[in-house]
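Just so we're aligned, residue 138 is where the sequence shown starts under our numbering, counting upward by one.
Just so it is clear, CB atoms sit at the ideal spot from N, CA and C, and this is done for glycine as well.
Below: one structure, written as structure tokens.
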Amino acid sequence: MPKKPIEHYQHPDKRANIPTQELSGLAEEAETHPETTLYPRDTSLDPQLVWKGKDEQDENALGVHAVPIYAQEHIQPEAIIQMLRKMAIEENSQTEPLFEGFSALELEERVEFYQHEQNWNNRLILGDSLLVMNSLAEKEA
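This is the structure we're talking about:
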């Protein structure tokens, strides 16, 4: 196995604290009254899929709810690589937590979603792609 040191890029920006799946119950108020973002339709774009009734549908702006999204996992690639290297060396080693060290916020701040900044990290987000992309654009932009 190569002895090359693991390097990673540390993103300098901060991002809003979004709820995790475990804390999703505390974000229910935002779910019951999601804001709607309107995107005007551009009929000049080509190519287009066409179906019966599409022209009537395209007259109105596309409305998308900005619902809360939940981080399913925090991904730290260098920790995974280090763990695999260690396991290759020590075949009977115990598995250490791969996803620890992500939240520098106190519990009280962790449940005040979108109000506090935390360090940038990779996240796995589960959900409908249109809703997820709209929520990221509206809540984290």
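### Task
Could you check which residue in Gly264, Ala203, Ile262 has the C-alpha nearest to that of Glu275?
Here residue 275 is taken as the residue at index 138 of the sequence shown, counted from 1. For Glu275, the closest alpha carbon among the candidates Gly264, Ala203, Ile262 is that of Ala203.
### Message
I'd like the span of the beta strand (DSSP E) that includes Asn271, first residue to last.
### Response
Looking up residue 271 in the sequence shown gives position 134. It is not in any beta strand (DSSP E) - Asn271 instead sits in the alpha helix (DSSP H) that spans 266–276.
### Message
Among the candidates Gln147, Arg260, Glu144, whose CA atom is the shortest distance from the CA of Glu123?
### Response
Lying before the first or after the last residue shown, residue 123 is absent from the chain, which here runs from 138 to 278.
### CA nearest to the CA of Leu199, picked from Pro177, Gln219, Asn154
As a working mapping, residue 199 is identified with position 62 in the sequence shown. Taking Leu199 as reference, the option from Pro177, Gln219, Asn154 with the minimal CA-CA separation is Pro177.
### Query
Given that a residue counts as buried once 16 or more other Cβ atoms are within 10 Å of its Cβ, and exposed if not, what is Val201?
Sequence index remark: in the sequence shown, residue 201 carries index 64 (1-based). Under this definition Val201 is a buried residue.
### Task
Determine the DSSP secondary structure at Glu193, reduced to helix, strand or coil.
Within the sequence shown, numbered from 1, the residue matching residue 193 stands at position 56. Helix, per DSSP.
#### Entry: Alpha carbon of Ala208 to alpha carbon of Ser161, nearest angstrom
Start at 1 with the first residue of the sequence shown, and residue 208 comes out as number 71. Start at 1 with the first residue of the sequence shown, and residue 161 comes out as number 24. Here the alpha carbon of Ala208 sits roughly 10 Å from the alpha carbon of Ser161.
### Query
Alpha carbon to alpha carbon, how far is Gln255 from Asn154?
Position 118 of the sequence shown holds residue 255. Position 17 of the sequence shown holds residue 154. Spanning the two alpha carbons is a distance of roughly 6 Å.
### Task
Reducing DSSP to helix, strand and coil, say where Ala225 ends up.
Mapped onto the sequence shown, residue 225 falls at position 88. The answer is helix: DSSP assigns Ala225 an H, G or I state.
### Message
Which same chain residues end up closer than 7 Å to Glu277 when comparing Cβ atoms and leaving out the 5 residues on each side of it in sequence?
### Response
Position 140 of the sequence shown, counted from the first residue, corresponds to residue 277. Here the set comprises Arg152, Ala153.
### Query
In whole angstroms, what separates the C-alpha of Leu186 from that of Val269?
Taking the sequence shown and counting its residues from 1, the one referred to as residue 186 is at position 49. Taking the sequence shown and counting its residues from 1, the one referred to as residue 269 is at position 132. Going from the Cα of Leu186 to the Cα of Val269 covers about 23 Å.
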